[in-house]
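As you go down the protein sequences, you meet chains A and B in turn.
What the first sequence shows, in the numbering used here, is residues 3 to 258, in sequence order.
What the second sequence shows, in the numbering used here, is residues 104 to 982, in sequence order.
Written below as C-alpha cells is the structure these notes are about.
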Amino acid sequence: MTVSEPAAIIETALPASLSIPASPSIIDVVRLTRTIVTPTHKVEILRGIDISVPRGQFVAIMGPSGSGKSTLLGLLAGLDTPTSGQLLLDGVDITGLTEDQMAEVRGRKIGFVFQSFQLIPTLTAEENVLLPAELAGAGAEAGGRARELLTRVGLADRLDHYPVQLSGGEQQRVALARAFITRPPILLADEPTGNLDGRTGEQILEMLLELNRHEGTTLVLVTHDPALAAHADRVITLRDGLVVSDEAVAAAAARG
Amino acid sequence: MNRMQSYRTAAKIAWRETRASSGRFLFVILAVAAGVGALTGVRGFSRAFHTMLQRDARTFMAADLTVRTFQMASPVQAAKIDDLARRGIAHTQITETLTMASPLSQTAPLLISVKAVDPAVYPFYGEVKFNPPMSIAQALQPDTVAVADGVLLRLGARVGDTLRIGGLPYRIAAEITTEPDRMTGSLNVGPRVMLSRAAFEKTGLLVPGSRAAERYLFRIPPEIPIQGIREELRGVFRDGLIADYSEAHPLIEQGLRQSTTFLSLVSLIALVIGSLGVATAIQAHLQQKMDSIAIMKCLGAKSAQVTRIYVLQTAGLGIAGSLVGIALGSLVQMAFPVLLSHYFQISAVPRFDAVSALQGLVVGLLTVLLFTVPPLMGIRTIRPALIFRREMAAPALSVAEWWKQKAGEVVSALVILTFVGVLAAWLSENQKTGVYFAIAIAVGMLSLAAVAWALLKSLRWIGRHLPRQAGPVLRQGIANLYRPGNHAGAAVMALGVGVMFTVTVWIVQRGLLQDIVHTAPPGMPNVYLLDVTAANRDAVYQLISSQKGVLQKPEMVGAVSATIQSIDGAPMQRDEGPREGGRGEGGRGEGGRGEGSRGEGGRGMLRRYSRAISVSAAAEKPAFTQVLEGAWWKPGEVPEGADALVSVSEQAAKVLGLHPGSQIVWTTPQRTFTSKVVAIHKSESVRLTARIEFYLTPKALEGLPAIYYGGIRASAEAVPAIQKALFDKFPAITVVNMAEVLDTIQGVVDQISMVVRFISAFSILAGAVILASSVAGTRFRRIREVVILKTLGATRRRIAQIFSVEFFVIGTVAGLMGGLLAGMFAWVALNRLLDAKSAPDAWPMVVSIGGTAALAVATGWLASFRTLGQKPLEILRDE
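Set out below in C-alpha cells:
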C-alpha cells in the first residue's frame with residue numbers, strides 16, 4: 003500500500019454508517035449536555051447547546067469563568083464525551099466514536115492552539131510542527147510545508163531551536179504553524195493570547211487571522227477578551243451552560 | 104499508512120525524544136548493562152573455557168588416554184601395557200603422592216604433593232616450563248627436583264638449595280612455572296614437587312597400600328582408534344579411572360557447568376534488579392511525558408501510535424544497555440582467569456564470544472521490554488483532555504475500569520515472573536530450577552517490598568513526630584523521601600536485594616571457615632599421620648606419645664586395602680566414570696549392584712565403593728562408635744572357619760543397600776573371603792575412626808598388609824616440633840597438619856566466594872543505578888526546592904545536609920534490610936543446608952549498613968550535585 007491521503011484513513015477507519023452527507027455547516031451541535039457526577043453532588047456544565055457553524059466562519063465563544071465554554075471546546079475536539087446530544091464535525095457524528103477513532107478525527111479535521119502553547123519540549127520547532135503530519139502518515143512533502151509555515155510566522159531561522167530556547171511569542175507561533183500543517187478544516191483556539199503580553203498577543207492574533215484567511219479554515223476561538231472577540235464574524239456568549247447570546251459582529255461587516 | 108511506515112515514523116519520533124533527554128537515559132542503559140554484563144561475562148567465560156578444554160584437551164591430559172589407579176600395576180596389567188607398546192602405543196607412568204619435605208635448615212617440614220615422571224617421555228603433549236628455563240631432562244636428574252613457587256615460599260628456600268624428601272637430599276634445580284596436566288592431577292593438597300622416577304624410587308616412599316596414585320599416560324598413533332584401546336584397558340584395569348582426551352575432563356566440565364549455572368542465576372538476579380530499575384526509570388520518564396503524550400493525542404495520535412513510540416524507545420535503550428553490558432561482559436570475562444589463576448593456568452581464553460554476546464542482547468532486550476510493559480500500558484490511560492483543561496482530566500473510574508487496570512498489573516506481573524522462570528530454566532537447563540527461581544524471586548521481592556514499605560512508613564511517622572529540637576534538616580531530609588515521584592521504596596528495595604545477596608554469600612563463607620577453624624570440638628586430632636607401616640607402628644606410637652605438647656592419647660588405626668567383589672551374590676558394578684552409555688563390561692542393568700535408580704551423587708558414591716577401600720579389624724566395638732542397627736560382635740564370637748562378621752557405616756550401608764544379614768565377598772591381592780553384615784554403625788565424625796567404614800572381625804584380616812593412620816591432638820605451637828621429630832626418624836611418613844589443610848580449604852572457599860561476590864556485586868551496582876535514576880527523575884522538583892530554599896535564606900551547606908539525610912536514610916534502610924535478610928538466609932544455609940554451626944556475627948551487618956549508606960550518599964550526590972549550584976533567579980523568572 004502506498005502512502006495514502008490522510009482523508010482516506012479516516013473514511014476507512016470509521017463505521018460505514020458514518021458516511022459523510024453534504025451539509026452546509028461544518029460544525030453542528032445539537033442539544034448538547036455535559037453533566038459531571040461527583041460523590042457529593044451533580045454539576046450540569048452544559049445544559050443543552052445548539053450551535054451550527056458554517057464553513058469558513060470565525061466564531062468567538064465568550065463567557066465568564068465556569069460558563070462552560072472550555073468544556074464546549076473540549077467536546078468539539080472530541081476530548082471528552084457529552085452526556086447527551088449530538089456533535090457533528092463535517093457531517094460526521096463524533097459522539098459515539100472510540101478514543102482512537104476520535105484521535106483520527108482530530109488528526110484529520112482539527113487544528114489546535116492552546117493558551118500555554120503545549121509544544122513538546124524534546125522536539126525542535128520544526129519537529130513540533132511536523133508531528134501532526136507524521137502522526138497522520140504524511141510523506142516527505144510535509145517537511146517543506148513545515149518550513150514554509152514556520153517561514154510564514156517569521157521563524158525561518160529558528161527551525162532547530164527547542165521550545166525552551168524560544169520566547170513565549172515564538173513558541174505560540176510554532177504552535178500556530180503546527181495547527182495548520184495538516185490543513186485542518188477546523189481550528190480550535192483556547193485563549194491563544196492569554197499567556198502573552200499585549201503587543202505579542204496582537205501579533206499572534208494577526209498571524210492567526212492571516213493563516214485562517216489563507217487556508218480557508220473555520221475558526222472557533224474561546225476567549226475572555228472582548229477586543230479579541232471583536233475580530234470574529236460571530237460571538238456566542240455562554241452563561242451557566244446555556245447560550246445567552248449569539249450575534250454577528252458589526253466589526254466583521256465593517257472590516258469587510 | 105502501512106505498518107512499516109508507521110514503525111518508521113514512530114522510530115523517528117522516538118529517536119528525537121531520546122536525543123533530547125539522553126542524560127536521563129544513561130541510568131537506564133547502565134542498569135541493563137550491569138545485568139547483561141554479568142551474564143555475558145559468566146557465560147562467555149564458561150564457553151571460552153569449555154572451548155579451550157576441548158581444543159587443548161590433549162595438552163591438559165598430556166596424553167591421548169590416561170588410566171588412573173590407586174594400586175601398582177598387576178602382572179596382567181603390566182603385560183597389557185607391554186602388549187600395547189609393541190603395537191606402537193607409547194606410555195609413561197606417573198606416580199603422585201603426598202609426603203613431607205624439608206630444607207636442610209631447621210624449619211619444620213612441609214606437606215608436598217610429589218609427582219614422579221619419566222623426563223625422557225613425559226609429557227606427550229604440552230610442555231613443562233621451568234624458571235630458570237631448562238629442559239625437563241636437565242631439571243629432573245636423579246638427585247634433583249623441580250618445585251612450585253609455593254614450596255620455595257613456604258620453606259623460605261631458593262633454587263639451588265637442598266630439599267630432604269624421604270630422608271634423602273635433593274637439589275632444587277628449578278621452579279616449575281607451567282605444568283600441562285596440573286588440572287588432571289590426582290593429589291593437589293600440597294605444593295608440587297616434581298622429580299624423575301629414578302629419583303623417586305630412591306626415596307622408598309612407595310609401600311603397598313600407601314596413598315599413591317598411579318597414572319599411565321598413553322600416546323596413541325592417529326591410525327589406531329582410541330575407543331578400542333580404551334576397551335582393552337578397561338578389561339584389565341577394572342578399578343582404574345580411564346579417560347581419553349575427547350571427554351575433556353569430566354570432573355572439570357561438570358564443575359564448570361554447575362558453576363556456570365549458579366553464576367548465571369546470580370547474574371540473572373542482577374539483570375532482574377536492573378530491569379526493575381529500567382521499569383522505574385521508564386515510569387518516571389512517562390510520568391514526565393504525560394503532557395507530551397496528551398499533546399500528541401490532541402494532535403491526532405492514537406494510543407497504539409504513542410505506545411509504539413515508547414516501546415521503540417525502550418527497545419532502543421534495552422539494546423544500547425545490552426551492548427554496553429556486552430562490552431562490560433568482556434571485561435568480566437577477562438577478569439575471570441585472574442580470579443581463578445590459582446587453580447587453572449589459563450592463558451589463551453578468547454576474549455569475545457559471539458554466542459553469549461547474542462544471548463546477552465536477547466535476554467537484556469526481552470527483560471527490559473517485559474518489565475516496562477506495565478508502565479507502557481499506562482499510556483493508554485492518559486487522556487488528551489489532560490492538557491486542555493485539567494479539571495477534565497480525572498473522570499471517576501468505575502469499579503470495572505479500576506479492576507481492569509489492577510487486573511492488567513497482576514497479569515503482567517505473572518507474565519514477567521513466568522518469563523524470569525523460563526529464562527532461569529534455560530540458563531540452568533533445568534525446569535525445576537526455573538520454577539524455584541521464579542518463586543524465590545517473587546517471595547524475595549514481595550518480602551523485601553513489604554519490609555521496605557513498613558520501614559519507610561514508620562520513618563514517615565517518626566519524621567512527623569520528631570521534636571522541634573531535631574531541627575529542620577533531619578525533618579526535611581526525611582520528608583524528602585516521600586516527595587511525589589521519588590521512588591524511595593524502589594531504590595531501597597533494589598539496593599536491599601543486591602546487598603542481601605552479596606552479604607549472604609559473605610556470611611556463609613565466613614561461617615563455613617569459622618565452623619571449620621573454631622568449632623572443632625576438643626578431642627579432634629589436629630595432626631594426622633598417614634602411611635605408617637606395620638613395622639614402624641609401635642615405634643611411631645611411642646615417639647608421638649612422648650612428644651611435648653601432645654594433649655591426649657594419640658589414636659592409631661590400622662587398615663587393609665580390599666575390594667568388594669559381590670554383595671549377596673550380585674557382582675559389584677565397576678562404574679568407570681561419569682561417561683554415560685551402555686559401553687562397558689555388560690554388568691550395567693543386569694542385576695549388578697547399584698545401577699539405575701540412584702542419582703548422580705549416588706553413582707559417584709557407588710564408584711567410591713567399587714574401588715579398593717580401607718577396612719579395619721576390631722575385636723570389639725571401638726570407642727565413640729554407636730550401633731544403629733543389629734549388634735556388634737563379642738570377642739571370640741566367630742568360630743574357626745566361619746564367615747567373618749562386618750559392621751558397616753551408615754553411609755556405606757545406604758549407598759550399597761546393606762543391612763544386617765547381607766553378605767559381602769571381599770578380595771585382596773592375597774586372598775578372597777566372605778563376610779556377613781551384623782551391624783550398621785555411626786562414628787563421631789571428629790574421630791580418626793570415622794574414616795573407617797567397614798570393621799571386620801580380626802581373624803579375617805590376619806596376615807594381610809596393613810597401613811596405619813595416626814591422629815594426634817597437640818597444641819598449635821608444638822606441631823612443628825612433632826613434625827620435625829617424625830620427619831627426622833620416619834621420613835616416609837606423611838604428617839598432615841590440619842592448619843595447613845585449612846589454609847588450602849580457606850584458599851578454595853575464598854576464591855569461590857570471591858567470584859560469587861564479584862558477580863553479585865553487579866546487583867548492588869544495579870541498585871545504585873536505580874537510586875541514581877530515581878534522584879535524577881526528581882531533578883526538576885529538587886531544583887525548584889533548592890531555589891526556594893535559597894531564596895528563603897538557606898545556605899548551600901544546609902541544603903546539602905538535607906539531601907544527605909535523605910540519601911543516608913535510603914542507604915541505611917537498604918543496608919539494614921539487606922543485612923537482616925542476609926543474616927537470616929545465611930543462618931538457614933549454614934545451619935540447615937550445610938550443617939555448620941555458626942555464631943551470629945555482627946561484623947557483616949555493620950559493614951552492610953555502613954557500606955550501603957556510604958554508597959547511597961555517594962550515588963545520590965553524583966546524581967544531584969548539579970542542582971545545588973542553581974541560581975535562584977533563572978528558575979524563578981521562568982515561572
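A virtual CB, placed ideally from N, CA and C, is assigned to each residue, including glycine.
Model, not experiment: these values are computed from the prediction.
Query, Result
"8 angstroms contact criterion, which residue 163 of chain B and residue 879 of chain B should meet: CB distance rounded", "In fact, because the Cβ distance is near 50 angstroms, the residues do not count as touching under 8 angstroms."
"Within chain A, partners of residue 484 of chain B - CB distance below 8 angstroms", "The premise fails here: residue 484 of chain B is roughly 10 angstroms from chain A at the closest Cβ pair, so nothing lies under 8 angstroms."
"Chain-ordered neighbours of residue 174 of chain A on chain B, where CB pairs are closer than 9 angstroms", "Ordered by position in chain B, no residue passes the 9 angstroms Cβ test against residue 174 of chain A, which lies about 14 angstroms from the chain."
"Beta-carbon proximity check, residue 865 of chain B vs residue 370 of chain B, cutoff 9 angstroms", "yes"
"Neighbour-count burial assignment, residue 106 of chain B, 16 or more Cβ in a 10 Å radius", "exposed"
"C-alpha gap between residue 732 of chain B and residue 806 of chain B, whole angstroms", "30 angstroms"
"Residue 49 of chain A - partner residues in DSSP beta bridges", "A:35"
"N- and C-terminal bounds of the alpha helix (DSSP H) containing residue 102 of chain A", "101-111"
"8 angstroms CB neighbourhood of residue 578 of chain B in its chain, flanking five on each side removed", "566, 569"
"Opposing strand residues paired with residue 248 of chain A [DSSP bridges]", "A:238"
"Residues near residue 317 of chain B in its chain [Cβ-Cβ closer than 6 angstroms; skip 5 each side]", "172, 198"
"Residue of A:134, A:162, A:124, A:43 minimising C-alpha distance to residue 112 of chain A", "A:134"
"Inter-residue spacing [alpha-carbon to alpha-carbon] between residue 231 of chain B and residue 297 of chain B", "10 angstroms"
"CB contact flag (residue 749 of chain B, residue 800 of chain B, <9 angstroms)", "yes"
"Assigned exposure category for residue 555 of chain B - 16 Cβ within 10 Å defines buried", "buried"
"Separation of residue 470 of chain B from residue 426 of chain B, as counted between CA atoms", "14 angstroms"
"Interface flag, residue 399 of chain B vs chain A, CB-CB below 9 angstroms", "yes"
"Host alpha helix (DSSP H) of residue 173 of chain A (start-end)", "170-182"
"Where residue 962 of chain B falls: helix, strand or coil (DSSP)", "helix"
"Exposed unless 16 or more other CB atoms sit within 10 angstroms - verdict on residue 194 of chain B", "buried"
"9 angstroms Cβ cutoff met for residue 913 of chain B and residue 961 of chain B", "no"
"Beta-carbon proximity of residue 234 of chain A to residue 60 of chain A, cut-off 9 angstroms", "yes"
"Beta-ladder partner(s) of residue 345 of chain B, from DSSP", "B:170"
"Minimum C-alpha distance to residue 672 of chain B - residue among B:633, B:611, B:662, B:778", "B:778"
"Residue 514 of chain B burial status per 10 Å Cβ neighbour count (16 or more: buried)", "exposed"
"Straight-line gap, residue 809 of chain B to residue 336 of chain B (C-alpha atoms, nearest Å)", "28 angstroms"
"Chain A contact residues for residue 477 of chain B, given Cβ-Cβ distances below 8 angstroms", "By Cβ distance, chain A contributes nothing, its closest Cβ being about 20 angstroms from residue 477 of chain B, past 8 angstroms."
"The region 56-73 of chain A contacting the region 220-229 of chain A, beta-carbon criterion three pairs below 8 angstroms", "yes"
"Residue closest to residue 738 of chain B, alpha-carbon to alpha-carbon, out of B:747, B:745, B:723", "B:723"
"Residue 509 of chain B, DSSP secondary structure in three states", "helix"
"Secondary structure of residue 735 of chain B, DSSP reduced to three states", "coil"
"Endpoints, the alpha helix (DSSP H) within which residue 218 of chain B is located", "First-last for residue 218 of chain B: 213-220, but that is the beta strand (DSSP E), not the alpha helix (DSSP H)."
"Beta-carbon gap between residue 538 of chain B and residue 528 of chain B smaller than 9 angstroms", "yes"
"Coarse secondary structure for residue 145 of chain A, derived from DSSP in three states", "helix"
"Neighbourhood of residue 609 of chain B by C-beta, 6 angstroms cutoff - its chain only, sequence neighbours within 5 removed", "947"
"Residue 715 of chain B versus residue 666 of chain B: straight-line alpha-carbon distance, rounded", "5 angstroms"
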